[in-house]
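Just so we're aligned: the sequence shown equals residues -16 to -1, 1 to 353 in mature numbering (1 follows the signal peptide of the UniProt record, and there is no 0). Please read the structure below before turning to the comments.
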Amino acid sequence: MKAIIVAALLVASAVASHPRAHQLEGYTFEKYVADFGKKYNSAAEFARRKVLFNKKLVDVKAHNAAGLSWKKGINHMADWTEEEFKRLNGGRSRAMGHLADKSLQLPHVPKKTLAQLPPAVDYRNSIPSVLTAVKDQGMCGSCWAHGSTEQMETFWALATNELFVLSQQQVTACAPNPDQCGGTGGCMGSTAELAFQYVASAGLTQEWEYPYTAYNGTTGVCDGTSDPKIKLTGYVKLTSNSQDDVLNTLATVGPLAINVDASTWSDYESGIFSGCNYANNISIDHVVQLVGYGHDDDLNLDYWIVRNSWSPIYGESGFIRVLRQATPECGWDVDPQDGYGCQGGPAQLWVCGMCGLLGDTSYPVVNTN
């Protein structure tokens, strides 16, 4: 527990002191180490991390000079290797192979046209609040557990006006994954749907009773729970790649657990992200919570509001705005075996939307009885 408290204090300190994109002229690795409380085991590691940081800094400055719709920045991941960043993306998209589909039937709600929907939806502004604070999954590929737990927190709050901070660790350590859907489970990846199925049978306790311990990449042993705070009936899966369904659900039901290609997200700082390119192939690798949509008057662009689990240091206070296209671009996820589906699933899957965010979307159905 002491280590967790120290980590939280370091994050809080970095949030207050880390530089923004316009403050990077003359910024050095030594200042970065101080700002982010970095500790290295040897002079050799210090030198290796300095090379990684300097390469990142050059890339960030070059990107920002191009005047695009989004800015890159320096954050706690600026000295990471590509392999370390990939560990974050343990969550994957829908289970297409051996996993039995236990989703509930999509409720029949008269679909509104785009003109009939509100111009903007943002669950960050809900009163009473339905979103807990942004979390940090650490070096564990437990985004699937974080994204699903965030959904369960939100939908319980929408149903009862009670907002609980629920246990990501219980989901990470306890949700079974026998068919290796989205990975092998725990810090090695799984799916939001498997998390919902687990909680439908076992319930879910609060974080203070079962705190998160997987920061260092170790899943931990399932301790179970004798005091579940919430229960689910199941979950609802939307029609794949339907932007209309996603917009209608956000406006009339609530946020969504979505799966995205986050391979180019690490240095996002602000603005409307448009950095996924289907010409370079899409690889869905990350579960996040979609909490709204809107329009940026200055940029004259529509966007999605996505809550990440890479700490409040990341992006816009832990969130990223992603380009919302009037006609979503589509393409193939050509590497679904890299955790995208279950063992024995298809060789490629069709996904739409920036970073494939429309391909797989779902929300839990809470049991308040």
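Ideal Cβ placement from N, Cα and C applies to all residues, glycine included. Please read these numbers as outputs of a predicted model, since none were measured by experiment.
It is roughly 20 Å from the alpha-carbon of S247 to the alpha-carbon of T168. Ranked by how close their Cα comes to the Cα of Q121, the residues G187, T202, A104 have T202 in first place. Across the structure, Q154 and C165 are spaced so that their CA atoms are roughly 18 Å apart. L178 is bridged by DSSP to nothing; it lacks a bridge partner. The three-state secondary structure of D120, taken from DSSP, is strand. Under the DSSP assignment, S132 falls in the alpha helix (DSSP H) whose first and last residues are 127 to 144. In the structure shown, A99 falls within a helical segment according to DSSP collapsed to helix, strand and coil. DSSP places F148 outside both helix and strand once states are collapsed to three, so it counts as coil. N59 places its beta carbon 8 Å or farther from that of H270. With contacts defined by Cβ atoms closer than 8 Å, L216 and V183 form a contacting pair. Minimum Cα-Cα distance from Y252 among the listed residues W54, F13, H130 corresponds to W54. In this structure, T144 lies near T352, with their beta-carbon atoms less than 8 Å apart. A Cβ-Cβ separation of about 5 Å places L101 in contact with A235 under the 8 Å criterion. Around the beta-carbon of V35, fewer than 16 other beta-carbon atoms lie within 10 Å, marking it exposed. A residue is called buried once 16 or more other Cβ atoms fall within 10 Å of its Cβ, and L150 is buried on that count.
A331 carries a coil assignment under DSSP once its states are collapsed to helix, strand and coil.
A distance below 8 Å separates the beta carbons of P239 and V275.
The stretch 170 to 187 makes contact with the stretch 204 to 218; the number of CB pairs closer than 8 Å reaches 3 or more. Contact annotation: W140 and V350 have beta-carbon atoms nearer than 8 Å. Nearest to I304 by alpha-carbon distance, out of C314, V335, V272, is V272. In the structure shown, K213 falls within a coil segment according to DSSP collapsed to helix, strand and coil.
Bounds of any beta strand (DSSP E) do not take in T168, whose DSSP letter is neither H nor E.
Per DSSP, the beta-bridge partners of D286 are H279. The residue from S254, I289, Q327, S295 with its alpha-carbon nearest to that of N48 is S254. Excluding its 5 nearest sequence neighbours in each direction, S293 has C-beta neighbours in its own chain below 6 Å: K119, Q121, C127, H130, listed in chain order.
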